[in-house]
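Asker: My questions will all concern the structure given below.
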Amino acid sequence: MALKQFEMIEVAHEGSHTPPRPPQATSLFTRTHFLDHQETSPGMARRITTECLTAWGVPRESIDDVLLVVSELVTNAIQHARPTTVLCLTLNPSRSLLRIDVMDGGCACDEQPTADPDEHGRGHMIIEQLCRDHGTWAAAGFANNWAELPI
């Protein structure tokens, strides 16, 4: 089913207090947030996501799964990519679908530590289990890791 209108795009920066509006039944609703490239960013991304999805009327049990995926994608961007990190949430109520995009400055290949398999690598399994679809696309100096979850 084609969307009848594009409701709104919200862009916010760290510290912004712009409350998101609930989407209409036929609208596509997007919130984009630029994150600092630091260890506290996954927590900030979870707070932003909780605020948005609660305001958009997403059930709490769906929000919990989304927070796991957001945390994994943002953590990977902070640990393995170059700045800037951008979180984009897109809710499509008519398809009961939420898309999460985490964009960054591309691979920081020179900064890759040796991963302990007991401590790292579980994020992909979490995303695989919770998401309807997910993937990555990249170009020179840019990467977008995305995931889609049923809501």
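Following full-length UniProt numbering, the numbering of the sequence shown begins with 1 at its first residue and continues without gaps. Here a beta-carbon is modelled for each residue, glycine too, at the ideal position from N, C-alpha and C.
1. I'd like the list of long-range same chain contacts for Leu68, defined as Cβ closer than 7 Å, with 5 residues on each side in sequence excluded.
2. With a CB to CB cut of under 7 Å and the five nearest residues on each side skipped, what residues in its chain are close to Glu72?
3. With a threshold of 7 Å on Cβ separation, who are the neighbours of Val58 within its own chain once the five nearest residues in sequence on each side are excluded?
4. What is the DSSP secondary structure of Ala147, reduced to helix, strand or coil?
5. Which same chain residues, not among the five before or five after Glu148, have their C-beta less than 8 Å away from its C-beta?
6. In terms of alpha-carbon separation, which member of Met103, Phe142, Asp65 lies closest to Ile32?
7. Please confirm whether Ala108 and Ala81 have their CB atoms less than 7 Å apart.
8. By the DSSP assignment, the beta strand (DSSP E) with Gly135 in it spans what residues?
Answerer: This is what the structure gives:
1. Hits under 7 Å: Ile126, Leu130.
2. Cβ neighbours of Glu72 beyond the five flanking positions: Gly123, Ile126, Ile127.
3. Cβ within range, chain order: Ile151.
4. Ala147 carries a strand assignment under DSSP once its states are collapsed to helix, strand and coil.
5. If you ignore the 5 residues before and after Glu148, its C-beta comes within less than 8 Å of the C-beta of Leu97, Leu98, Arg99, Ile100, Cys131, Arg132, Asp133, His134, all in its own chain and listed in chain order.
6. Checking the sequence, you will find Thr at residue 32 rather than Ile. Nearest C-alpha to Thr32: Met103.
7. Pairing Ala108 with Ala81 gives a Cβ-Cβ distance under 7 Å.
8. Here the beta strand (DSSP E) through Gly135 covers 133-139.
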